[in-house]
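Q:
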Amino acid sequence: MASGLGRNAFGIVKARDKGEARDMPPRPSAPRSEDLVPYVHKLLIAVAVAALALILLRWLHVFLLAFGASLVAVLLTALADPIRRRTPLDAGWSLGVTVAALIVLIAGVAWFVGAQVSLQLTQLQHALPAAWAAAQRQISTYEVGQWLLDRLHQASGLSMAGFGPIASRIGRITGSGLGAIAECVVVVVAGVYFAAQPQLYVGNLLKLVPSAAREAVTHTVEDIGVALRRWLVGTGLAMLTMGVLTAIGAVLLGLPAPLALGLLSGIAEFVPIVGAAVSALPALLLAVTLGPQTVAWTLLFYVSVHQFEGHVLIPLIQRRVVSVPPALTLFSVLAFGLLFGALGVVFATPLAVVLLVIVRRLYLHEPDTAAVASGKT
């Protein structure tokens, strides 16, 4: 009987286990390897994007130098195209003639005025510390001026007799550094290579684009080249005009180193907004050493010249070249300056031109190359 009870108990327990087993939900099956493929693919894409972003952040300076080389290539191509169209020379020989002509032109300018400009740049570099000290003495005679100088010295850690941070930066700009010279050489040489074989570099980049979008991207790249060419022409005219006007004005005002001031003003014109302030500051500091009346006339001259630039010169140029909205120019200088530093400020406007063309071609789907390049809608 005991054994029967045991068997019944065992049977009851066994039946109960079977009932519980039927009530339990089915166990999930182990994921198959083919089900994980999409997730692994997405993970690899995310890792690749993160790695690419890290590389871009680490090599931003190199990419900006490559962009500068592209600008040099666009400029050389723009100068070589008329020779190629009007002579039996092919593209390679036309580029060689252009480079040789530029070398001869630069050497000739350096031969005739290079020594004088170099002397005036050195004079400007040595005169700025004394001019800054004189400006501080005059500003400190006013209560508000003294307060501003105190705030400036607290922020910069300089004494009253020190050479202010802004003036010292201008002095460093006028005296070329070996690193900057080396980078300029790299940009120019790479630009010559880009101009000599544009299809080699552009074609290989286009191979990275999916075939479905390759035609649209090709047209966009062509539009970018046209837009940058027109922008360079307009910027070159503005730089030449502002440099000549500034040199003439410096001579009339009796400022020292007029050629150096004109050269600085012309180069600074490449950078909108910021360049105007950078070019005017050394002239105002030098004017301080000549008296308050010279300071007033110098300030009036620079304001008048830049008003002429903004209301007469630039509108005339923009009728034939790229028209970048002023607000876009301002925010591009701020944005690219924060992202890329000094080189971002220098290349802010051409980068804005590139983005403007990309938006109009790929987002707004404007097919007219001339309209995209000139900013007309």
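Be aware that the sequence shown starts at 819, since it is given in our numbering, and climbs by one per residue. A virtual CB, placed ideally from N, CA and C, is assigned to each residue, including glycine. These figures come from a predicted structure and were not determined experimentally.
Could you give the residue range of the alpha helix (DSSP H) that holds residue 1168?
A: Along the sequence shown, read from residue 1 onward, the residue named residue 1168 stands at position 350. 1166-1176 is the extent of the alpha helix (DSSP H) around residue 1168.
Q: If you reduce the DSSP assignment to three classes, tell me which class residue 1075 lands in.
A: Position 257 of the sequence shown, counting from 1, holds the residue named residue 1075. It is coil, neither helix nor strand.
Q: Alpha carbon to alpha carbon, what distance is there between residue 882 and residue 1157?
A: To locate residue 1157, count along the sequence shown from 1; it is residue 339. To locate residue 882, count along the sequence shown from 1; it is residue 64. Approximately 11 Å between the Cα atoms of the pair.
Q: I'd like to know if the segment 1051-1058 and the segment 1066-1074 are in contact, where contact means that at least 3 CB-CB pairs between them fall below 8 Å.
A: No, they do not touch.
Q: I want to know whether the segment 861-871 touches the segment 1019-1028 - three or more CB-CB distances under 8 Å.
A: Verdict: no, contact absent.
Q: Sorted by chain position, which residues of the same chain lie with C-beta nearer than 8 Å to residue 1115's C-beta, five sequence neighbours on each side aside?
A: Position 297 of the sequence shown holds residue 1115. These residues qualify, in order along the chain: 1071 and 1105.
Q: Taking the C-alpha atoms as reference points, what is the distance between residue 952 and residue 1103?
A: Position 134 of the sequence shown, counting from 1, holds the residue named residue 952. Position 285 of the sequence shown, counting from 1, holds the residue named residue 1103. Looking at the two C-alpha atoms, the distance is approximately 8 Å.
Q: Under 8 Å, do residue 934 and residue 1079 count as touching if we go by C-beta distance?
A: Numbered from its first residue, the sequence shown carries residue 934 at position 116. Numbered from its first residue, the sequence shown carries residue 1079 at position 261. No; because the gap between Cβ atoms is not below 8 Å, this pair is not in contact.
Q: Which runs of the alpha helix (DSSP H) fall wholly inside the segment 856-931 and span at least 4 residues, in chain order?
A: The segment 856-931 contains these whole alpha helix (DSSP H) runs: 878-904 and 909-927.
Q: According to DSSP, simplified to helix, strand and coil, what is residue 984?
A: Here residue 984 refers to the residue found at position 166 of the sequence shown. With a pLDDT of 46 at residue 984, under the threshold of 50, the predicted position of this residue should be treated as unreliable, though the coordinate-derived value follows. Correct three-state label for residue 984: helix.
Q: Let me know if residue 1029 comes out buried or exposed under the rule of 16 or more other beta-carbons within 10 Å of its beta-carbon.
A: Here residue 1029 refers to the residue found at position 211 of the sequence shown. Exposed, because fewer than 16 other Cβ atoms sit within 10 Å of the Cβ of residue 1029.
Q: Do you know how far the Cα of residue 1002 is from the Cα of residue 880?
A: Here the question's residue 880 lines up with position 62 in the sequence shown. Here the question's residue 1002 lines up with position 184 in the sequence shown. If you take the alpha carbons of residue 880 and residue 1002, they lie about 12 Å apart.
Q: Check for me: the alpha helix (DSSP H) holding residue 1124 runs from which residue to which?
A: The residue given as residue 1124 occupies position 306 in the sequence shown. 1110-1126 is the extent of the alpha helix (DSSP H) around residue 1124.
Q: Less than 8 Å between the C-beta atoms of residue 887 and residue 1088, yes or no?
A: Indexing the sequence shown from 1 puts residue 887 at position 69. Indexing the sequence shown from 1 puts residue 1088 at position 270. Contact flag unset, no.
Q: Between residue 946 and residue 1100, which are expected to be in contact by the criterion C-beta below 8 Å, what is the C-beta distance as a whole number of angstroms?
A: Taking the sequence shown and counting its residues from 1, one reaches residue 946 at position 128. Taking the sequence shown and counting its residues from 1, one reaches residue 1100 at position 282. At roughly 6 Å, the Cβ-Cβ gap stays under 8 Å, so residue 946 and residue 1100 are in contact.
Q: According to the neighbour-count rule (16 or more other Cβ atoms, all chains shown, within 10 Å of its Cβ), is residue 875 buried or exposed?
A: Indexing the sequence shown from 1 puts residue 875 at position 57. When all chains shown are included, residue 875 counts as exposed.
Q: Within the same chain, show all residues whose beta-carbon is closer than 7 Å to that of residue 1125, passing over the 5 residues directly before and after it, in chain order.
A: Residue numbering aside, residue 1125 sits at position 307 when the sequence shown is read from its first letter. There are no such residues.
Q: Give me the residue from 1162, 1108 and 892 with the minimum Cα distance to residue 950.
A: The residue labelled residue 950 in the question sits at position 132 within the sequence shown. The option with the nearest alpha carbon to residue 950 is 1108.
Q: Excluding the 5 residues preceding and the 5 following residue 862 in the sequence, name in chain order all residues of the same chain whose CB lies nearer than 6 Å to its CB.
A: Looking up residue 862 in the sequence shown gives position 44. For residue 862, where only same-chain residues beyond five positions count, there are no Cβ hits under 6 Å.
Q: Roughly how many angstroms lie between the CA atoms of residue 1170 and residue 1154, to the nearest whole one?
A: Here residue 1170 is taken as the residue at index 352 of the sequence shown, counted from 1. Here residue 1154 is taken as the residue at index 336 of the sequence shown, counted from 1. One C-alpha to the other measures close to 9 Å.
Q: In three-state terms, what does DSSP make of residue 1180?
A: Locating residue 1180 in the sequence shown gives position 362, counting from the first residue. Residue 1180: helix per DSSP, three-state reduction.
Q: Suppose you measure from the CA of residue 1127 to the CA of residue 900; what does that come to, to the nearest Å?
A: Taking the first residue of the sequence shown as 1, we reach residue 1127 at position 309. Taking the first residue of the sequence shown as 1, we reach residue 900 at position 82. Computed Cα separation, rounded: 29 Å.
Q: Is residue 898 closer than 8 Å to residue 913 when the C-beta atoms are compared?
A: Against the sequence shown, residue 913 aligns to sequence position 95. Against the sequence shown, residue 898 aligns to sequence position 80. Contact flag set, yes.
Q: Mind checking whether residue 910 and residue 1014 have CB atoms under 8 Å apart?
A: Here the question's residue 910 lines up with position 92 in the sequence shown. Here the question's residue 1014 lines up with position 196 in the sequence shown. The answer is yes: Cβ separation under 8 Å.
Q: For residue 1004, collect the residues of the same chain with a Cβ closer than 7 Å to its Cβ; drop the 5 residues on either side in sequence, then sort them by chain order.
A: For the purposes of this step, residue 1004 is identified with residue 186 of the sequence shown, where counting begins at 1. Within the same chain, residue 1004 has close Cβ partners 883.
Q: Residue 1131 CB to nearest chain B CB: under 8 Å?
A: Note that chain B does not occur in the displayed structure, where there is just one protein chain.
Q: For residue 1033, which three-state DSSP category applies?
A: In the sequence shown, residue 1033 corresponds to position 215, counting from 1. Three-state DSSP puts residue 1033 in a helix.
Q: For residue 1147, report the span of its alpha helix (DSSP H) as first-last.
A: Working through the sequence shown from its first residue, we reach residue 1147 at position 329. Residues 1144-1158.
Q: When DSSP labels each residue in this structure, what does residue 1187 get in the three-state scheme?
A: Position 369 of the sequence shown, counted from the start, is the residue given in the question as residue 1187. Because residue 1187 carries a pLDDT of 49, less than 50, the predicted location of this residue cannot be relied on, and no value is offered for it.
Q: Mark residue 997 as exposed unless 16 or more other C-beta atoms lie within 10 angstroms of its C-beta, in which case mark it buried.
A: Within the sequence shown, the letter at position 179 stands for residue 997. Flag for residue 997 reads exposed.
Q: Report yes if the CB atom of residue 1180 is closer than 8 Å to the CB atom of residue 1038, and no otherwise.
A: On the sequence shown, position 362 is the one that residue 1180 refers to. On the sequence shown, position 220 is the one that residue 1038 refers to. Yes, these two residues count as a Cβ contact at 8 Å.
Q: Could you have a look at residue 1028 and say whether DSSP puts it in helix, strand or coil?
A: Locating residue 1028 in the sequence shown gives position 210, where the first residue counts as 1. Three-state DSSP puts residue 1028 in coil, outside helix and strand.
Q: Report yes if the C-beta distance between residue 1167 and residue 1139 is below 8 Å; otherwise report no.
A: Here residue 1167 is taken as the residue at index 349 of the sequence shown, counted from 1. Here residue 1139 is taken as the residue at index 321 of the sequence shown, counted from 1. Going by C-beta atoms, residue 1167 is not nearer than 8 Å to residue 1139.
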